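Visitor: Protein sequences, first through last, are from chains D and E.
In this text, residue positions in the first sequence follow the numbering used here: the first is 3, and each later residue adds one.
In this text, residue positions in the second sequence follow the numbering used here: the first is 3, and each later residue adds one.
Number of protein chains: 2
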Amino acid sequence: MSKEADGGLSALPIASTLHTIPARRLILHPKEWSEFVPIVCSGWAMSSIALPDGRRQVISFLLPGDIVSVGSLLAPLSGHTVEAITEVTYRKFKRQEIKDLLFARSDLLERLFTLWNEAKARADQLALDLGRRRADERIARLILRLSEKVAKRSLVRTQTFDFPLRQRHIADATGLTPVHVSKILGELQRAGMIEISGRSLTILNASELQRVADWR
Amino acid sequence: MSKEADGGLSALPIASTLHTIPARRLILHPKEWSEFVPIVCSGWAMSSIALPDGRRQVISFLLPGDIVSVGSLLAPLSGHTVEAITEVTYRKFKRQEIKDLLFARSDLLERLFTLWNEAKARADQLALDLGRRRADERIARLILRLSEKVAKRSLVRTQTFDFPLRQRHIADATGLTPVHVSKILGELQRAGMIEISGRSLTILNASELQRVADWR
DNA sequence: CGGCCCTTTGACGGACGTCAAATAGCGTGG
DNA sequence: CCACGCTATTTGACGTCCGTCAAAGGGCCG
């Protein structure tokens, strides 16, 4: 996989409009099927699905370069809510223009297939994690995955990175309650594996954290 | 969605070979990336991912007409184990031939995109179920989903249908233990909602079962 | 400065897992 | 056809993990 998470789509010669949205606001409504496809340019967002009673599950966190819903590029796909976590800027592309371009350049189409399969593989792994791993494992894995995702963008791997998630975001990503997330994060910090302060996270003991996460 | 779960692919003029495999045998190894794509012709199979220590999660049950891993049609996708539950017959198509045909007929390609997104949507829903629903909800939903899946194939909706799953299959699909599955199934039966006997299942009280399942 | 959300902590409860034993079913080979 | 052995199912006792509830700070923004 390349270092550009969108497969280079954002660098293509297609018309787009730039938008800015404050934290906590919706970027995509679950019922919406617009003619536009957004790509995140700055900030963090999350894609989730929800039950009528408010329970919800985060499917993926979106960082700069991520296409909001890869699957929606070529065929309708709805039900996902996309919400800004920090302030987010994003670019809206016309779906039809992307589609035309993709079909004109089979190399890009192949890249899209790969991106699509990666998204599916992540969804399957998420199901495995939620069905078969315990709270500390899930949280440690989330931290390590986000650490890798951030590292891929900054091109350097640092122990400390920007971490704007609230504990309720972590809870909705791991199928836990915010209270329990707080307890586990406290344990991980007291054990000297990580440190969270301000809006950034430091991995202090990577190998121990990986052991807890049952990594790879 | 059409009544043919593979979007009509199995009726296409492509060379294929027919295979038969006994229950409990593997159809696709997790490391394998062959040049063939199997489509189930008879019997039940399951697609799952596993951890080294044996814990595993069923991602989908495959019934006649189902393509084994839609995503693998156009780009590599591995990690899934596909195992026969009953005796299974399936047809192996050459990946390259399917690919050529799909690109020659854009109507079929569009159908594939739709199948693709349906698979992704099911994976996301699975994550929501595993992360946010309780045991009885998960099991009731699995039963109702399978009932619909079977009904779509037989073209009639009957209260009783073929149900070859062992409780460990249900456990691996719902993220539970076989013991707990047994308890919940016992409750559902004592409550008069379902009856399981031999290798078939009867839905006795659909509306109650739907209520437990928090259906739709 | 005030209000709101977030985080932390503890006590308690419920859901689900683990362990174990008894029974039933099912396929295989004699 | 029966005997055997394996696997699946059922059930109960008990333990653990995680959720719920509640209260007390802490941080952030108007």
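Just so it is clear, CB atoms sit at the ideal spot from N, CA and C, and this is done for glycine as well.
In this text the structure is predicted, and so the values were computed from the model without any measurement.
Measure the C-alpha to C-alpha separation of residue 74/E and residue 189/D and round it to an integer number of angstroms.
Guide: Mapped onto the second sequence, residue 74/E falls at position 72. Mapped onto the first sequence, residue 189/D falls at position 187. Taking the straight line joining both Cα atoms gives about 41 Å.
Visitor: Please go through the same chain and pick out, in chain order, the residues whose beta-carbon is closer than 8 Å to the beta-carbon of residue 124/D, but skip the five residues on each side of it.
Guide: In the first sequence, the residue the question calls residue 124/D occupies position 122. Excluding sequence neighbours, residue 124/D sits near 62.
Visitor: Checking 8 Å against the spacing of the C-beta atoms, do residue 173/D and residue 183/D come in under that value?
Guide: Sequence index remark: in the first sequence, residue 173/D carries index 171 (1-based). Sequence index remark: in the first sequence, residue 183/D carries index 181 (1-based). A contact, by the Cβ cut-off of 8 Å.
Visitor: Please name the residue, chosen from 191/E, 186/E, 202/E and 56/E, that lies closest to residue 160/E on a Cα-to-Cα basis.
Guide: Stepping through the second sequence from its first residue, residue 160/E is reached at position 158. When each option's Cα is compared against that of residue 160/E, the closest is 202/E.
Visitor: Suppose contacts are defined by Cβ-Cβ distances below 8 Å. Is residue 52/D in contact with residue 87/D by that definition?
Guide: One-based indexing of the first sequence puts residue 52/D at position 50. One-based indexing of the first sequence puts residue 87/D at position 85. No, these two residues do not count as a Cβ contact at 8 Å.
Visitor: Kindly indicate which residue of 15/D, 90/D, 69/D and 21/D has the alpha-carbon position closest to the one of residue 103/D.
Guide: For the purposes of this step, residue 103/D is taken as residue 101 along the first sequence, with counting starting at 1. Ranking the options by Cα distance to residue 103/D, first place goes to 15/D.
Visitor: Skipping 5 residues on each side, what residues in its chain have a beta carbon closer than 6 Å to that of residue 126/D?
Guide: As a first step, residue 126/D is located in the first sequence; it is residue number 124 there, counting from the start. Cβ within range, chain order: n/a, list empty.
Visitor: Got a sec? Which residues, its chain only, sit under 8 Å from residue 177/D by beta carbon, not counting five neighbours each side?
Guide: Locating residue 177/D in the first sequence gives position 175, where the first residue counts as 1. Contacts found: 59, 132 and 140.
Visitor: What residues in the stretch 80-101 of chain D bring their beta carbon closer than 8 Å to a beta carbon of chain E?
Guide: Answer set for the stretch 80-101 of chain D: 81 and 82.
Visitor: What do you get for residue 83/D, buried or exposed, if any count of 16 or more other CB atoms within 10 angstroms of its CB means buried?
Guide: The residue given as residue 83/D occupies position 81 in the first sequence. Residue 83/D is buried by the Cβ-count criterion.
Visitor: Looking only at DSSP bridge pairs, what is residue 26/E linked to?
Guide: On the second sequence, position 24 is the one that residue 26/E refers to. DSSP output for residue 26/E lists no bridge partner at all.
Visitor: Taking the straight line between their C-alpha atoms, what separation do you get for residue 198/E and residue 37/D?
Guide: Numbered from its first residue, the second sequence carries residue 198/E at position 196. Numbered from its first residue, the first sequence carries residue 37/D at position 35. Their backbone Cα atoms lie some 47 Å apart in a straight line.
Visitor: Output yes or no for whether 8 Å exceeds the beta carbon distance between residue 94/E and residue 24/E.
Guide: Translated into the one-based positions of the second sequence, residue 94/E becomes position 92. Translated into the one-based positions of the second sequence, residue 24/E becomes position 22. No, the Cβ-Cβ distance between residue 94/E and residue 24/E is not below 8 Å.
Visitor: Apart from the five residues just before and just after residue 97/D, which ones in its own chain have a Cβ nearer than 6 Å to its Cβ?
Guide: Taking the first sequence and counting its residues from 1, one reaches residue 97/D at position 95. Same-chain partners within the cutoff: 37 and 39.
Visitor: If I measure Cβ to Cβ from residue 45/D and keep anything under 6 Å in the same chain, skipping five residues before and after, which residues do I get?
Guide: To locate residue 45/D, count along the first sequence from 1; it is residue 43. Here the set comprises 88, 89 and 90.
Visitor: Between residue 5/E and residue 65/E, what straight-line distance do the alpha-carbon atoms span, to the nearest angstrom?
Guide: Indexing the second sequence from 1 puts residue 5/E at position 3. Indexing the second sequence from 1 puts residue 65/E at position 63. In this prediction, residue 5/E has a pLDDT of 41, which is less than 50 and means its spatial position is unreliable; what the coordinates show is noted afterwards. Taking the straight line from one Cα to the other gives about 13 Å.
Visitor: According to DSSP, is residue 85/D part of a helix, a strand, or is it coil?
Guide: Numbered from its first residue, the first sequence carries residue 85/D at position 83. Residue state, collapsed to three classes: strand.
Visitor: The stretch 28-52 of chain E: which residues have C-beta closer than 7 Å to a C-beta of chain D, in chain order?
Guide: From the stretch 28-52 of chain E, only 51 have a Cβ closer than 7 Å to chain D.
Visitor: Could you pull the start and end residues of the alpha helix (DSSP H) that residue 147/D belongs to?
Guide: As a position in the first sequence, residue 147/D is number 145, starting the count at 1. Segment 137-156, the alpha helix (DSSP H) holding residue 147/D.
Visitor: Tell me the DSSP secondary structure of residue 108/D in three-state form.
Guide: The residue labelled residue 108/D in the question sits at position 106 within the first sequence. Helix, per DSSP.
Visitor: Could you check whether residue 77/E and residue 122/D sit closer than 8 Å to each other, using their CB atoms as the reference points?
Guide: One-based indexing of the first sequence puts residue 122/D at position 120. One-based indexing of the second sequence puts residue 77/E at position 75. No; because the gap between Cβ atoms is not below 8 Å, this pair is not in contact.
Visitor: Please look up how many angstroms separate the CB atoms of residue 119/E and residue 79/D, rounded, as I've assumed it's under 8 Å.
Guide: Translated into the one-based positions of the second sequence, residue 119/E becomes position 117. Translated into the one-based positions of the first sequence, residue 79/D becomes position 77. The pair is a contact, with the Cβ atoms about 5 Å apart (cut-off 8 Å).
Visitor: Can you tell me whether residue 187/E is helix, strand or coil according to DSSP?
Guide: On the second sequence, residue 187/E is found 185 positions in, with the first residue counted as 1. Helix at residue 187/E.
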